[in-house]
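A.B. asks: The sequence shown runs 1 to 223 under the UniProt record's numbering.
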Amino acid sequence: MTHSPEATAVVPGRFVTFEGIDGAGKSTHINAFVDTLRQGLASVGRSVVATREPGGTPLGEALRKLVLDEPMDLETEALLMFAGRREHLAKVIEPALARGDWVVSDRFTDATFAYQGGGRGLSRDKLAILEQWVQGTRQPDLTILFDLDPAIAAARLAGARAPDKFERESAAFFTRVRDEYLRRAKAAPERFVVIDAAQSIEAIAGQLAGVFARLSVPGHGPR
Ligand code: ADP
Ligand code: TYD
1 MTHSPEATAV VPGRFVTFEG IDGAGKSTHI NAFVDTLRQG LASVGRSVVA TREPGGTPLG
61 EALRKLVLDE PMDLETEALL MFAGRREHLA KVIEPALARG DWVVSDRFTD ATFAYQGGGR
121 GLSRDKLAIL EQWVQGTRQP DLTILFDLDP AIAAARLAGA RAPDKFERES AAFFTRVRDE
181 YLRRAKAAPE RFVVIDAAQS IEAIAGQLAG VFARLSVPGH GPR
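Structural data, given as structure tokens:
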């Protein structure tokens, strides 16, 4: 298939992230979101890279096993999150965006501020230094935050899967994580779409459909 230069020029590569506390419902929606995005962008010759953090590269996936399973010093945990992120940016995210492709990541730096910062109490200033070092000015263009009461999230997760190190944390921990996510969403409303994740799966899918118009995805409403 060939595409006119005009068509590709009006749809630049974009970086979209999904965030929320464990059990809020991200995984339930992200694959369908990526599939719809792929279909819309195929008409302008753009691909979609679906990826995740921790992870996204062979090294990042090895680090993921460590950070999700092994007890470790809080600052070590934050440094490993950012080390994996550096690799992810260098090997996957930046090259994809440079090609004009889109990237959808299941979690990114907001998770570090929410979990290591809000949840575990590491200072925002330290995290901001690492963010600047690892990312420079790179930020997601859009972040979809699944917001949910931790009690509901815990009830959804009970028995659903074997909990990892984070999923075994207390309700108070997840309340702090949620609060930090909401604080960040309030501070950058142009970047965040906050989804009320207590809604039905169908209602959330409907709300996500509206995001494609906001992202100017071909075939999905006004630019
Ligand atoms: P996350 O990826 O955010 O940790 P999941 O998508 O894995 O969450 O969802 C956690 C559990 O909650 C799963 O068992 C899923 O089927 C269920 N679930 C997801 N969304 C909803 C919803 N809107 N209402 C009720 N249950 C849901
Ligand atoms: P996730 O892949 O969403 O887990 P699952 O697929 O089991 O829902 O995220 C893994 C965990 O890592 C999650 O509890 C949040 C945590 N996390 C951090 O603590 N800091 C980070 O920077 C990132 C990216 C994730």
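C-beta: ideal position from N, C-alpha, C; glycine also.
#1: Any chance you could list the beta strand (DSSP E) runs of at least 3 consecutive residues sitting entirely within the stretch 170-212, in chain order?
#2: Along the alpha helix (DSSP H) that carries residue 84, what are the first and last residues, could you check?
#3: How about residue 26 and residue 75: are their beta carbons less than 9 Å apart?
#4: Can at least three beta-carbon pairs, one atom from the stretch 84-96 and one from the stretch 56-63, be found at a separation below 8 Å?
#5: So what does DSSP say about residue 141, is it helix, strand or coil?
#6: In terms of residues, what are the limits of the beta strand (DSSP E) holding residue 18?
#7: How would you label residue 202, buried or exposed, when you count the other beta carbons within 10 angstroms and need 16 or more for buried?
#8: Where DSSP assigns a beta bridge to residue 33, which residues make up the other side?
#9: Thinking residue 97 and residue 15 are a contact (beta carbons under 8 Å), I'd like their distance in whole angstroms, please.
#10: For residue 44, which three-state DSSP category applies?
#11: Kindly indicate which three-state DSSP category residue 214 falls into: helix, strand or coil?
C.D. replies: In terms of the structure at hand:
#1: The stretch 170-212 contains these whole beta strand (DSSP E) runs: 192-196.
#2: Within the sequence shown, residue 84 is the residue found at index 84, counting from 1. Its alpha helix (DSSP H) spans residues 74-88.
#3: Sequence index remark: in the sequence shown, residue 26 carries index 26 (1-based). Sequence index remark: in the sequence shown, residue 75 carries index 75 (1-based). Annotated as distal: residue 26 and residue 75, with beta-carbon spacing of 9 Å or more.
#4: The stretch 84-96 makes contact with the stretch 56-63: 3 or more CB pairs, one atom from each, lie closer than 8 Å.
#5: For the purposes of this step, residue 141 is taken as residue 141 along the sequence shown, with counting starting at 1. If DSSP states are grouped into helix, strand and coil, residue 141 belongs with coil.
#6: As a working mapping, residue 18 is identified with position 18 in the sequence shown. Per DSSP, residue 18 belongs to the beta strand (DSSP E) from 15-20.
#7: Sequence index remark: in the sequence shown, residue 202 carries index 202 (1-based). Exposed, because fewer than 16 other Cβ atoms sit within 10 Å of the Cβ of residue 202.
#8: Position 33 of the sequence shown, counting from 1, holds the residue named residue 33. Paired residues: none, contrary to the question.
#9: In the sequence shown, residue 97 corresponds to position 97, counting from 1. In the sequence shown, residue 15 corresponds to position 15, counting from 1. Indeed they touch by this definition, with Cβ atoms about 6 Å apart.
#10: As a working mapping, residue 44 is identified with position 44 in the sequence shown. In this structure, residue 44 counts as coil in the three-state DSSP scheme.
#11: Numbered from 1 along the sequence shown, position 214 holds the residue referred to as residue 214. Helix, per DSSP.
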